[in-house]
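Okay, structure first, notes after.
Residue numbers (this note's numbering): -17 to 445.
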């Protein structure tokens, strides 16, 4: 069986000399305001489906509000965490990443920090310097190298905003928005009721003289009201439960008025990360971080690090995901978004399409003078025209860079599920009870990993 670890090792020193020790590290990276517990279901399922060769490790270095420190800050922390894991497991030879939402950007930054080109000496150097600088380079990325001294195999993201966010609405009806709004507030009210009942019950249990019902009644009530904050999550306090519920809220509910206000407000809410997601970080004369991450630049060999992986797969929600749209999560242009099939692939419920995109040569990305002017306008005088113009320029340049690599693009549609408007959290089954519609996606991910594992074993045996 595979080994599962969350947030570190209990033992110290280097671990593992036996023949049955795992040699393939799979790093799970959560998204914004989240924690390793988001992967509880996926970990268990991947552990069941993958062989004993996998060490499954859920990153914990960027839990909750640490995700506000910026993609670069979180990416560097993730890189350090991965290095510590590798140092303690001498049996490891290969590495893969599975990341959800914002975690995909953290992982992209981290692999650049961990990337080293293959050379005769076998030495490894840190390839990320000051990410606030860095002229864009348009050379062809290298497809050979190591990540943390290990052979890179699979890089997989689920609903990750690879092109940033700009608040454009997903393919969805007004009824979807209304349903999302109702569901969010119904969950909020339910949670407040739950917390109130628990406080009253705890007080009554502590003072039996004031109790007018039995402990059996209390236990029944406790089981009935605790589903939205299951297991040990109920001990996190009202603030912890509130954070989890906030993550259920579709991004700005698709409301145009909120989308207009998002770019200037985002940094106030989610700090440095918000600026980077809306591509307004840094001086107007400098390219935003996400654009630099679509190239090899002085700040790091971001594209070569991605190119070192044998398999790059993006899973994207085609609808009902107001936090991360189909276009940005699938690295496509608007005109490339065609109506997806309505039927699921055999054996993978809600996975509707798979597209293999070969590398496309390009002289991008660039940050021309007009882009700098558009960025200044988007920052200093934000309005629909300025924001759309700037984002369209940047998205095209990012696509120009990322398309130099081949990608496997998997489209996911929860339109027929019970709660389709939870698509953003369904896709990785954040909670087994609320988001179990994504079980077919996790099964597809497991088979993708197994396919690459089999391919790797065949190559090794042929050498």
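Yeah, the Cβ is synthetic: ideal placement off N, Cα and C, and Gly gets one too.
Backbone CA spacing between residue i and residue j [nearest angstrom]
i           : j           : result
residue 68  : residue 270 : 31 Å
residue 303 : residue 404 : 7 Å
residue 27  : residue 411 : 11 Å
residue 385 : residue 98  : 22 Å
residue 224 : residue 406 : Summary for residue 224: the model assigns pLDDT 41, below 50, so the residue's position carries little reliability; its value from the coordinates is reported in the next sentence. Cα to Cα, the separation comes out at about 18 Å.
residue 22  : residue 140 : 16 Å
residue 83  : residue 90  : 12 Å
residue 398 : residue 324 : 9 Å
residue 93  : residue 257 : 22 Å
residue 373 : residue 72  : 44 Å
residue 326 : residue 351 : 45 Å
residue 80  : residue 357 : 32 Å
residue 364 : residue 254 : 18 Å
residue 369 : residue 128 : 38 Å
residue 393 : residue 74  : 32 Å
residue 477 : residue 335 : The question about residue 477 has no answer here: the residues shown for the chain are numbered -17 through 445.
residue 10  : residue 61  : 13 Å
Proximal residues to residue i (C-beta, below 7 Å), its chain only, five neighbours per side dropped
i           : result
residue 32  : -16, 428, 431, 432
residue 354 : 266, 267
residue 418 : 411
residue 291 : 134, 135, 136, 137
residue 338 : 390
residue 340 : 388
residue 346 : 120, 379, 382, 383
residue 319 : 308, 309
residue 313 : 144, 145, 296, 381, 384, 389
residue 371 : 356
Beta-carbon contacts of residue i that lie in its chain and below 6 Å, excluding the five residues immediately before and after
i           : result
residue 145 : 310, 377, 380
residue 36  : -16, 4, 6, 8
residue 426 : 330, 333
residue 402 : 302, 396
residue 361 : 262
residue 147 : 259
residue 87  : 53
residue 13  : 82, 83, 84, 85
residue 76  : 6, 132, 133, 135
residue 284 : 94, 275
Per-residue DSSP class, three states only, for residue i
i           : result
residue 184 : Its pLDDT being 45, under 50, residue 184 is placed unreliably in this model, and the value from its coordinates should be taken loosely. Looking at residue 184 - three-state DSSP - the assignment turns out to be helix.
residue 376 : helix
residue 416 : coil
residue 9   : strand
residue 28  : helix
residue 431 : helix
residue 328 : coil
residue 97  : strand
residue 129 : strand
residue 345 : coil
residue 436 : helix
residue 278 : strand
residue 18  : helix
residue 151 : Residue placement at residue 151 is poorly supported in this model, since its pLDDT is 45, which falls under 50; the coordinates are not used for a value here.
residue 53  : helix
residue 88  : helix
residue 3   : coil
residue 46  : helix
residue 253 : helix
residue 425 : helix
Enclosing beta strand (DSSP E) for residue i [first to last residue]
i           : result
residue 310 : Run containing residue 310: none in the beta strand (DSSP E); it sits in the alpha helix (DSSP H), 308 to 312.
residue 293 : 293 to 299
residue 139 : 133 to 140
residue 287 : Looking at the DSSP string, residue 287 is not in any beta strand (DSSP E); the run it does join, the alpha helix (DSSP H), is 284 to 289.
residue 39  : 36 to 40
residue 338 : 333 to 339
Run of the alpha helix (DSSP H) containing residue i, from where it starts to where it stops
i           : result
residue 268 : Run containing residue 268: none; DSSP gives neither H nor E here.
Neighbourhood of residue i by C-beta distance below 8 Å, restricted to the same chain and skipping five residues each side
i           : result
residue 46  : 15, 16, 17, 225
residue 65  : 96, 130
residue 315 : 309, 377, 378, 381
residue 63  : 41, 42, 43
residue 48  : 56, 59
residue 342 : 385, 386
residue 434 : 78, 135, 136, 292, 293
Completely contained alpha helix (DSSP H) runs for the segment 351 to 405, where each covers 4 or more residues: 351 to 362, 366 to 384
Those runs of the beta strand (DSSP E) which lie wholly inside the segment 55 to 84 and span at least 3 residues: DSSP runs (the beta strand (DSSP E)) wholly in the segment 55 to 84: 76 to 82.
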